[in-house]
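Protein chains in written order, with this note's numbering: chain A, 3 to 114; chain B, 8 to 115.
C-beta atoms are modelled at their ideal positions from N, C-alpha and C, and glycine is treated no differently.
Just so we're clear, the structure is a prediction, and the values are computed from it rather than from any experiment.
For reference, the structure is listed below as structure tokens.
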Amino acid sequence: DGGITQSPKYLFRKEGQNVTLSCEQNLNHDAMYWYRQDPGQGLRLIYYSQIVNDFQKGDIAEGYSVSREKKESFPLTVTSAQKNPTAFYLCASTLQGSGEQYFGPGTRLTVT
Amino acid sequence: KNEVEQSPQNLTAQEGEFITINCSYSVGISALHWLQQHPGGGIVSLFMLSSGKKKHGRLIATINIQEKHSSLHITASHPRDSAVYICAVFFTGNQFYFGTGTSLTVIP
């Protein structure tokens, strides 16, 4: 079955530690996205990538980093520079230009 | 300013009621999506619209391009429809913008 997987579902970290969230898709989609969701707010774009080895900052990229070494994979690192990292993180992908976005199940990150 | 505005923010209905959720957007778009998010967080796409109307089971989505407005209707609502419904718009350049969501609770 084609889809997007994110792991883990729940992640707990101590303040000051970097943490990497996994996102893998087997849909052969070109574009991949990372969003952050906070209570009472819409999804906000962190980073997106339209092709391998290329990515662009979204609206709230500060404190995050990404890589796109393979078409299927778009990991997100939440660095210690991110002031409020506790949130729900969603990965998504689209076939280039199709406008139809598929979402992963999300990772809930808690930093204490 | 958020490019996408949804209303209402919260909605409680009795089972069987007809429900309408509204979405307005401020700029020209390529497509509009209605998404459903259940507790636990996973998001599924219900509809993608660029014009007119689409129907799937008890769900109906409409869009008026001139007025920059879309509605999601649920007929004969059921407790299993309880979820957050999110409007998202797709602009050229492969970027999406999302409304803040409408939290729907359907009471038996």
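Check: At a CB distance below 8 Å, what residues from the stretch 86 to 103 of chain B approach chain A? Give them in sequence order.; Outcome: I93, A95, F97, N101, Q102, F103
Check: Applying a beta-carbon distance threshold of less than 8 Å, which residues of chain B neighbour E74(A)?; Outcome: Simply none; closest approach about 18 Å.
Check: Looking at the structure shown, is D56(A) part of a helix, part of a strand, or coil, going by DSSP?; Outcome: strand
Check: Any beta-carbon of chain B closer than 8 Å to the one on E102(A)?; Outcome: yes
Check: Can you grab the Cα-Cα spacing for the pair F98(B) / Q27(A), in whole Å?; Outcome: 23 Å
Check: From I81(B), G48(B), G49(B), R87(B), pick the residue whose C-alpha is nearest to that of N29(B); which is it?; Outcome: I81(B)
Check: Just to confirm before moving on: does the CB-CB distance between T27(B) and S78(B) stay below 8 Å?; Outcome: yes
Check: Would you please verify whether the beta carbon of R110(A) is less than 8 Å from any beta carbon of chain B?; Outcome: yes
Check: Out of Y91(A), G108(A), Y12(A), R15(A), which has the shortest C-alpha to C-alpha gap to I118(A)?; Outcome: With chain A running from 3 to 114 in the structure shown, residue 118(A) is simply not present.
Check: In chain B, which residues lie less than 8 Å from G44(A) when you measure between Cβ atoms?; Outcome: N9, V11, I93, Y104, F105, G106, T107, G108
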